[in-house]
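Going left to right, the sequence shown walks through residues 8 to 990 as the numbering used here numbers them. For every residue, glycine included, the Cβ atom is placed at its ideal position computed from N, Cα and C. All of these numbers come straight from a predicted model, not from anything done at the bench. Only one structure is covered here, and it is reproduced in the block below.
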Amino acid sequence: MMKKIIIILLSLLIFSNVDTKSQIKPKREVPTLKVKNDKGQRNSVQLVKLQIDVSIFGNIAKTSMTMTFANMTDRDLEGELTFPMPEGVSVSGYALDINGKLRQAVPIDKNKGTEVFESIETRRVDPGLLEKVEGNNFRTRIYPLPAKGKRTVQISYSENLKTESDQALYYYLPLNYNTIIDNFDLAVKVYQGNQKPNFTEQLDEILLFSEHNHNYTATLQRQHYKPQKNITIKIPVTSKLSTGLKQANQDGSFYFLANARINLTKPEQKKWGNQVSIIWDKSLSGKNRDLEKEFALLNEFFKKNPDMIVELGLLDIRFKKAQIFRIEKGNWSALKNYLNQLSYDGGTDYSQVKSGVLHGTNYLFFSDGLSTFGQSQIALDRPVYCISSSNGSDYANLKQIAQKNSGKMINLTNSSIDQAFINLSTVDLLFLGIKEQEGFEEVYPEKGTPVQSYFSVAGLGKHDNLKQMTLLIGDGQQIRQEIKVALTPDNSEINLQQIWAQQKIETLDLQYEDHREEIEALGKQFGIVTRNTSLIVLEEIADYVRYDIIPPTELLAEFNAIKKENSIEQEKRVSDLLTQAQQNIEELRSWWNTNFKQKHKYPQRKESISPTQPAVVQEEPAPRPMARQEENNMAHKREDYRISEAAVADMDTKAAITNNNELMEVVTVSRLNSINNETVGKISIPEIKEDNEYLREIAKSKDPYKSYLQLRENYMGTPNFYFDIANFFFKKGDREQALLILSTLADLEIENADLYKTISYKLREWGDYDKALFITEKILKWRPMDPQSHRDYALSLQDKGRYEEAIEELYRILTQNYSPEAADRDDGIEEIILMEINNLVSLKKAALNNITLDKKLIADLPVDIRVVINWNSQNTDIDLWVTDPNGEKCFYSNPATAIGGRLSNDFTGGYGPEQFLLKKAQKGKYKIEVDFYDDSSLTLAGPASVMAEIYTYYSSGRQERKITTLYLDRTKEQNTAIGEFTF
């Protein structure tokens, strides 16, 4: 009997006068594993086995997908499996095969999970990490995919099915893989149904349900099978009752899920007036939207509002008024044709959307909620209706925009056009709470939340003897309906506490920054992936102990025993970098005070080498020095020093600031006796010739932008294509077009720090410091564990003239703690940070009175030459070479030259930076090169982007800077000249 009640859970009917004309066919994407080789192909890893198990209890569906991937290459790879989830659904289960058996993941702080994963994978053992990235998108990183071997991953999620106007629940499963799978296994079970479910959309194979004792099963097993269609299951619902379930807790309380139908025959209709504004997102991600559905919704809209004035605004990284359209008798063909002809390009910047551009009484905003190139909020003063048709949309952001602007969020991915139009055109009622409020707590959605015809409420009941509740519905002024819901005890495999936690997280996520700690705690307790909670699988029990991560149940006894015996040492983090920084500043002082006498070079006779004369053999580069191992965590006294104007004066420093709109460069006046005033340094940046076919085609085109759009179809996922084309337009003087094309990198892949680093490099080179600041802040948010993230952000602050904040961010690099692996990888970064902190300290104009620094780290170190390189890829070794007028090359095996050239530590594990310093330049030319030394990355990656910052008279009062950015092909280039000094 109890299971029969389950099927009427959320037994929902919509208004009796509405006829459904279109079925629900949400356009979800299948999970895909991406491993790119050097040519951008994706055939190195194949899906060879897919097992899908679906269990449906009433309106709750649980889906488990077990995927086996085969690595077809002869090298170990790291795989990245990406997939979007429907609105309000999160991944609640993740497992990875360890020694042939699936091991369940455990929750972990997102940043810690990234650190642990990257630390362990350097030891070439088996971690797996699943994380939520921007929007409702999920990504799992798997290592290793063994050479010529296989790995299996399992992902599970639960969702609350919605009832449509035909009185049925619908379940949707994407299966359009369009690739041959060696072993395919699908099993769908619908428990205790009153009527037989059926497939309204299915594979080429005929799928039918068989029935046994009111349980329905459909299975399909095939070998060498190519699924090309999705499946949709219609589950009839006959009961008109609102229903609920409850599951008891150990303390006598219980979790409940109540599903209810609002029984109002005539909902209030939205009044649109005779003028509406449409904001149309035409960024690259717009290509992922279901334009057919969006047009269908507009078609219904203009049928019911046949005579209107439409102002159209177009959004990418700009927001511009496009055109005014007059709709008469529902004919909107001119507007539709205009929208059909749009080209989608560039990133998205919601901060550009402001009042005054369009003047309609309401806004229809068609977008995916992802503002990839600017802040995610808009500034409008009239109701905004956000319409999403894209998988992986940021539903929380769209809801927040709609609620803030007295509108709605319409999700076309989980509803029919008819239902979507009803939601758009009717005024929502409000959920006003539970009448028996003294018996319930932690109820979601919260009181005052708009609800539609069918809605769900989850929460905690205080006493197990509560068997019924009354849900209150109204319009904000009065209660218009009371809905009684019976609560039936349930002991099935449905996890109500996890469903409650998902609903609470969805509510809190609308104000994420205010609730991030609570969201993290919920994610960890209930094993739900959130913005700041991931799921992790480790191979060795020792790693669970080492990183203090509670393991899955089957390993818990062994974990506790090891911890009790204290037989495995826990990770000892490097508490800070201050001790190393103090040593580095003393080394820099000593180097700066050394008098490097320039040796007189005598000419040599020009003659060939005779057979009896010994040949001069070029000395081979010395082996690379080993990076530091974990240092002893000795306690050190830090003398905090509050910078004052007197302290700056002690440096015998006078400051001058140049204010230039093109380059807000930090310029200081230091002890000028350190500068060779008889020489004048000049920086030259050579034009790096790109020999790409697409550049040759665009160069000869009469319409380069049109040619770019045509060529783009062949290079859609190739970052250096956009980089090169953006450069082309910038050199032609078309800065606006160049920036649009560069911003496309932000839309190529969600939350990709490597791509964003490339964007930030180019923005700084072009002097667009506002955008560079936004981009570097994003990277810092995603990867706060990397000192390079803090440095990039600090330098962007410096470019903006925000010197205090820049110093604080740089100093934070020296004071925060690091994993031993990160500290080892980034050994030597202290020297670069010290030069940059002291450059800022010497600024008289910088208000430094409130900044705390270690007094021992302050030094006045002006130099004639400074070069710094950074790059965007981990596990990649790129070297800086500087050759002086005497022909002596300063590089990793010769880091100190005769004339005083000094090279910082060699960064072999990625990102850099590497720095060259020369206190006093002698006359002549200095050649600057970068060398692609090695790639030990675990993915088959494409080119690496490198940024070089080239200075003359650094911290001297005559400082000049030039920035250049380039891509280095891992398969072609060994070393590339990037600049030259002439003194």
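Check: 7 Å Cβ shell around residue 218 - same chain, five flanking residues per side excluded; Outcome: 203
Check: Any alpha helix (DSSP H) of 4 or more consecutive residues that is wholly inside the stretch 45-131; Outcome: 117-128
Check: Under 7 Å between C-beta atoms of residue 858 and residue 814; Outcome: yes
Check: Buried/exposed call for residue 804, threshold 16 Cβ in 10 Å; Outcome: buried
Check: Classification of residue 682 by the beta-carbon crowding that lies within 10 angstroms, buried from 16 upward; Outcome: Low confidence applies here, because residue 682 scores a pLDDT of 38, under 50, leaving its location unreliable; read the following figure in that light. Looking at its Cβ environment, which holds 16 or more other Cβ atoms inside 10 Å, residue 682 is buried.
Check: Whether residue 198 touches residue 220 by CB criterion (7 Å); Outcome: no
Check: Closest residue to residue 761 among 586, 953, 585, 347 (Cα-Cα distance); Outcome: 953
Check: Contacts around residue 289, its chain only, beta-carbon distance under 6 Å, and the 5 residues preceding and following it disregarded; Outcome: 321, 323, 349, 351
Check: Sequence-distant residues of its chain with Cβ nearer than 7 Å to residue 433 (five each side left out); Outcome: 274, 275, 276, 277
Check: Cβ neighbour criterion (16 or more within 10 Å) applied to residue 344; Outcome: exposed
Check: Burial state of residue 879, where buried means 16 or more other Cβ atoms lie within 10 Å; Outcome: buried
Check: Range of the contiguous alpha helix (DSSP H) that encloses residue 842; Outcome: 836-848
Check: Through-space distance from residue 597 to residue 853, alpha-carbon basis; Outcome: With a pLDDT of only 49 at residue 853, under 50, the local geometry of the prediction cannot be trusted, and the value read off the model is given with reservation. Going from the Cα of residue 853 to the Cα of residue 597 covers about 27 Å.
Check: Helix, strand or coil at residue 276 [DSSP, three-state]; Outcome: strand
Check: Classification of residue 883 by the beta-carbon crowding that lies within 10 angstroms, buried from 16 upward; Outcome: buried
Check: Neighbourhood of residue 554 by C-beta, 6 Å cutoff - its chain only, sequence neighbours within 5 removed; Outcome: 123, 578
Check: Same chain, Cβ closer than 7 Å to residue 950, neighbours up to 5 away in sequence not counted; Outcome: 727, 974, 975, 976, 977
Check: Proximity below 7 Å, CB of residue 107 to CB of residue 40; Outcome: no
Check: Where residue 489 falls, given that 16 or more other Cβ within 10 Å makes a residue buried; Outcome: exposed
Check: Residue 404, buried or exposed, once every other Cβ within 10 Å from all chains shown has been counted against 16; Outcome: buried
Check: Distance between residue 201 and residue 567 (C-alpha atoms, nearest Å); Outcome: 48 Å
Check: Classification of residue 366 by the beta-carbon crowding that lies within 10 angstroms, buried from 16 upward; Outcome: exposed
Check: Cα-Cα separation, residue 294 to residue 729; Outcome: 17 Å
Check: Simplified DSSP state of residue 231, which is helix, strand or coil; Outcome: strand
Check: Where residue 169 falls: helix, strand or coil (DSSP); Outcome: coil
Check: DSSP state of residue 546 mapped onto helix, strand, coil; Outcome: coil
Check: Simplified DSSP assignment, three categories, for residue 219; Outcome: strand
Check: CB contact flag (residue 936, residue 905, <7 Å); Outcome: no
Check: Sub-7 Å separation of residue 73 and residue 58 beta-carbons; Outcome: yes
Check: DSSP three-state assignment for residue 886, whether helix, strand or coil; Outcome: strand
Check: Local Cβ density within 10 Å of residue 779, reported as buried at 16 or more and exposed below that; Outcome: buried
Check: Cβ contact (3+ pairs, closer than 8 Å) linking the stretch 229-249 and the stretch 168-185; Outcome: yes
Check: Secondary structure of residue 362, DSSP reduced to three states; Outcome: coil
Check: Status (buried if at least 16 other CB within 10 Å, exposed otherwise) for residue 185; Outcome: exposed
Check: Between the CA atoms of residue 473 and residue 255 - distance to the nearest angstrom; Outcome: 11 Å
Check: Close beta carbons around residue 757, own chain, < 6 Å, minus the five adjacent residues each side; Outcome: 140, 141, 144
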